[in-house]
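Before any comments, here is the structure.
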Amino acid sequence: AQSVTQPDIHITVSEGASLELRCNYSYGATPYLFWYVQSPGQGLQLLLKYFSGDTLVQGIKGFEAEFKRSQSSFNLRKPSVHWSDAAEYFCAVGARGNAGNMLTFGGGTRLMVKP
Amino acid sequence: DGGITQSPKYLFRKEGQNVTLSCEQNLNHDAMYWYRQDPGQGLRLIYYSQIVNDFQKGDIAEGYSVSREKKESFPLTVTSAQKNPTAFYLCASSIYKTGRATEAFFGQGTRLTVV
Numbered sequence: 295a296q297s298v299t300q301p302d303i304h305i306t307v308s309e310g311a312s313l314e315l316r317c318n319y320s321y322g323a324t325p326y327l328f329w330y331v332q333s334p335g336q337g338l339q340l341l342l343k344y345f346s347g348d349t350l351v352q353g354i355k356g357f358e359a360e361f362k363r364s365q366s367s368f369n370l371r372k373p374s375v376h377w378s379d380a381a382e383y384f385c386a387v388g389a390r391g392n393a394g395n396m397l398t399f400g401g402g403t404r405l406m407v408k409p
Numbered sequence: 127d128g129g130i131t132q133s134p135k136y137l138f139r140k141e142g143q144n145v146t147l148s149c150e151q152n153l154n155h156d157a158m159y160w161y162r163q164d165p166g167q168g169l170r171l172i173y174y175s176q177i178v179n180d181f182q183k184g185d186i187a188e189g190y191s192v193s194r195e196k197k198e199s200f201p202l203t204v205t206s207a208q209k210n211p212t213a214f215y216l217c218a219s220s221i222y223k224t225g226r227a228t229e230a231f232f233g234q235g236t237r238l239t240v241v
């Protein structure tokens with residue numbers, strides 16, 4: 295079965311600084327990978343996804359992520375953080391041959407932005 | 127606008143009572159899911175359904191029940207057998223594709239509190 299680890303529970307960055315959120319997955323083949331963002335008390339919004347091809351994927355709100363097979367990682371990055379980026383971020387993995395199409399989520403990273 | 131509607135947004139239940147959370151989607155998605163979210167634990171899958179009149183248990187199905195009588199609707203009942211039901215519940219849906227994961231679209235969630 296697949297699993298996802300987000301090592302950082304909380305991260306604080308200054309507005310305008312760069313951001314990298316870590317995601318490591320465990321799966322025997324190339325997985326499908328996703329990043330979602332959640333504002334307090336809200337549902338999840340998809341930021342970006344990786345299925346195949348170019349390992350650097352661009353998403354909404356200026357985010358990007360890079361799939362690194364050798365490191366089993368799919369880290370999320372943003373060059374310059376805005377105060378509105380403060381939220382919780384979830385990495386998720388889906389397996390190939392997944393009969394139910396469901397995703398497995400990491401524990402989340404809460405991002406705080408200092409003015 | 128297409129989307130997923132969860133109701134109510136807040137729900138209070140007395141111990142020993144069953145309660146049903148509503149989830150409706152107009153995205154014409156075949157697959158629907160219920161996740162439970164607790165602080166620091168990410169999202170955990172309760173039940174999922176790939177097609178009308180069929181559903182499968184997820185990782186934490188004990189104390190919960192579902193039905194899928196219509197493609198658009200996937201209600202979740204939290205029964206009195208669920209020992210710790212206070213949580214944030216998220217409904218999601220996705221296109222169903224054989225043998226692969228697909229991105230999930232989420233509702234705004236229902237916060238259930240047992241009083």
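Protein chains in written order, with this note's numbering: chain P, 295 to 409; chain R, 127 to 241.
Even glycine gets a Cβ: it sits at the ideal position worked out from N, Cα and C.
Asked, Found
"Spatially closest choice to residue 142/R from 234/R, 224/R, 156/R and 212/R, by CA coordinates", "212/R"
"Inter-residue spacing [alpha-carbon to alpha-carbon] between residue 343/P and residue 227/R", "11 Å"
"Cβ neighbours of residue 399/P in the same chain (closer than 7 Å, five flanking residues each side left out)", "298, 384 and 386"
"Of the listed residues 215/R, 156/R and 170/R, nearest to residue 137/R (C-alpha basis)", "215/R"
"Bridge partner(s) assigned by DSSP for residue 369/P", "360/P"
"7 Å Cβ cut-off: residues of chain P touching residue 227/R", "326, 388, 389, 392, 395 and 397"
"3 or more residues per run - each beta strand (DSSP E) lying fully within the region 147-178 of chain R", "157-163 and 169-177"
"Between the CA atoms of residue 190/R and residue 373/P - distance to the nearest angstrom", "43 Å"
"Bounding residues of the beta strand (DSSP E) (the contiguous stretch that carries residue 213/R)", "213-220"
"Where residue 379/P falls: helix, strand or coil (DSSP)", "helix"
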